[in-house]
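Peer 1: If you read the sequence shown in the working numbering, its first letter stands for residue 9, the second for the next number, and so on. Here a beta-carbon is modelled for each residue, glycine too, at the ideal position from N, C-alpha and C.
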Amino acid sequence: MGNPIVDLGLSCPKAGRFYICDDQPTRFVGCCTINPCTTHDGLCPDEDIQPASFSPDAYDQILAQECLDPGFLWYTCRDSSPPFLGCCSQMGCEASGCPFNNIIKTIDNYCSYCYCYCCYYYCNQQGCIDDATHCGGHN
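(1) Along the chain, where does the beta strand (DSSP E) that runs through I28 open and close?
(2) In this structure, how does DSSP classify C20 when only helix, strand and coil are distinguished?
(3) State the Cα-Cα distance for the pair S89 and Y27, rounded to the nearest angstrom.
(4) On the DSSP letters alone, give me the boundaries of the alpha helix (DSSP H) that I13 sits inside.
(5) According to the neighbour-count rule (16 or more other Cβ atoms, all chains shown, within 10 Å of its Cβ), is T84 buried or exposed?
(6) By the DSSP assignment, the beta strand (DSSP E) with C96 in it spans what residues?
(7) Once you ignore the five residues that flank A23 on each side, which residues in its own chain have a CB closer than 7 angstroms to its CB?
(8) For Q69, which of helix, strand or coil comes out of DSSP?
(9) Going by the DSSP bridge assignment, what does C85 pair with across the sheet?
(10) In whole angstroms, what is the alpha-carbon distance linking P107 and Q98?
(11) To the nearest angstrom, report how far apart G105 and C29 are at their CA atoms.
(12) Answer yes or no: do G10 and A60 have a C-beta to C-beta separation smaller than 8 angstroms?
(13) Anyone know if the C-beta pair for Q69 and L18 falls short of 8 angstroms?
(14) If we count the other Cβ atoms within 10 Å of its Cβ and call it buried at 16 or more, is E55 buried or exposed?
Printed below as a string of structure tokens:
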């Protein structure tokens, strides 16, 4: 497997950098203006979260992730300009994506790298496991 940030064209169109924090208690996935992988909990502080984007060509390869707040839903919006992916408290697939003040932290229950990149892999204590039953409804 390659690097999902490169392979999926994951980017931060406004500010910050795209992070996948595999080695933290909470596995943050998304754009942040600080390195959330170095925080004590692996989260990006609310004031540092930024909108995330991806290559439209990778749309079918991006799997839903978990939102930290249950009032938010995961969106992968190929037709927004720029394309938007992340958790939003309202419809995230508007013409310009999720309004900035409605974005919240995105986390991954499995290895961010494995789960986000290919649904046939998930993470347990031993690392990435080849098992399509953990695709979160995606095949």
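Peer 2: So, from the data block:
(1) Locating residue 28 in the sequence shown gives position 20, where the first residue counts as 1. Annotation: the continuous beta strand (DSSP E) that includes I28 extends over R25 to I28.
(2) To locate residue 20, count along the sequence shown from 1; it is residue 12. Note: C20 maps to coil in three-state DSSP.
(3) For the purposes of this step, residue 89 is taken as residue 81 along the sequence shown, with counting starting at 1. For the purposes of this step, residue 27 is taken as residue 19 along the sequence shown, with counting starting at 1. Approximately 21 angstroms between the Cα atoms of the pair.
(4) Residue mapping note: residue 13 aligns to position 5 of the sequence shown, counting from 1. From DSSP, the alpha helix (DSSP H) with I13 extends over P12 to D15.
(5) Here the question's residue 84 lines up with position 76 in the sequence shown. Residue burial annotation: T84 is buried, with at least 16 other C-beta atoms found within 10 angstroms of its C-beta.
(6) Mapped onto the sequence shown, residue 96 falls at position 88. First-last of the beta strand (DSSP E) with C96: F92 to C96.
(7) Residue mapping note: residue 23 aligns to position 15 of the sequence shown, counting from 1. For A23, where only same-chain residues beyond five positions count, the Cβ hits under 7 angstroms are T41 and Q58.
(8) Numbered from 1 along the sequence shown, position 61 holds the residue referred to as residue 69. Three-state DSSP puts Q69 in a helix.
(9) Counted from its first residue, the sequence shown places residue 85 at position 77. Note: C85 is bridge-paired with F92 in the DSSP secondary-structure output.
(10) The sequence position of residue 107 within the sequence shown is 99, counting from 1. The sequence position of residue 98 within the sequence shown is 90, counting from 1. Distance between the alpha carbons of P107 and Q98: 8 angstroms.
(11) Working through the sequence shown from its first residue, we reach residue 105 at position 97. Working through the sequence shown from its first residue, we reach residue 29 at position 21. Using only the alpha carbons, I get a separation of about 24 angstroms.
(12) By 1-based counting over the sequence shown, the position of residue 10 is 2. By 1-based counting over the sequence shown, the position of residue 60 is 52. No, the Cβ-Cβ distance between G10 and A60 is not below 8 angstroms.
(13) Locating residue 69 in the sequence shown gives position 61, where the first residue counts as 1. Locating residue 18 in the sequence shown gives position 10, where the first residue counts as 1. No. Outside cutoff.
(14) As a position in the sequence shown, residue 55 is number 47, starting the count at 1. So E55 ends up on the exposed side.
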